[in-house]
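Under the working numbering, the first residue of the sequence shown is numbered 78, with each subsequent residue one higher. Heads up: the structure comes next, in structure tokens.
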Amino acid sequence: MRAVSVMLAGLVLMLSQALVPANAGWNPDKKKPTTTEEVQETIAAFLDQDSGLQKFFDNAHGYAVFPKIYKGAIGVGGAYGSGQIYEKGKYIGDSTLNQLTLGLQLGGQAYAELIFFGEKEALDRFKSEKMEFSAQVSAVAATAGASGDAAYSGGVAIFTLAIGGLMYEASVGGQTFSFTPAE
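In structure tokens form, the structure reads like this:
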């Protein structure tokens, strides 16, 4: 019985520590859109981790930048982030990312995400909100040299960069996106 109590106390402590970094910047009352400055800082952070990503920026038809995605879970998980979309290097609109996951998962984390669209058709699917990434689409963690092995799958290549938090997860779920054209 004592072992169960110690394990439960450890689990509660771990969860409380994991959720703090992921929620530290989240304010549900503050619906502030992502700024171009945040996007540029995020791109610079990705390139600092892996300069090989520059080839994706140079050759992609378009890309989406989500500077901060917040993810949390206790069995059922969710994630949310907002970002900007670019076509041929020009800002064309804003996007939100939503995710619902089910499975064995516990914790919270924050991360940035880059989505490259290798062809016009992939970007058009994204803009028409017909793109959803499932468990079969995998993201590459941006680390030194990681982009060297990365390739497009279904016209997209996805990279993530951890910001903070701790997440234990064996789950299934998909990311869905909205798109709002620039005015």
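Just so you know, even glycine gets a beta-carbon here, dropped at the ideal spot from N, CA and C.
Check, Outcome
"Residues that DSSP places opposite SER159 in a beta bridge", "LYS145 and THR173"
"Through-space distance from GLN176 to SER82, alpha-carbon basis", "Because SER82 sits at a pLDDT of 44, beneath the cut-off of 50, its placement in the model cannot be relied upon, and the following sentence gives the value as read from the coordinates. So the alpha carbons of these two residues sit roughly 33 Å apart."
"Residues near LYS107 by beta carbon distance below 6 Å, same chain, minus five either side", "Summary for LYS107: the model assigns pLDDT 49, below 50, so the residue's position carries little reliability; its value from the coordinates is reported in the next sentence. Answer for LYS107: no residue qualifies."
"Spatially closest choice to GLU115 from LYS204, GLY155 and PRO144, by CA coordinates", "PRO144"
"Span of the alpha helix (DSSP H), counted from its first residue to its last, around ALA121", "113-126"
"Outcome for LYS204 when other beta-carbon atoms lying within 10 angstroms are tallied against a minimum of 16", "buried"
"GLU260, buried or exposed, once every other Cβ within 10 Å from all chains shown has been counted against 16", "exposed"
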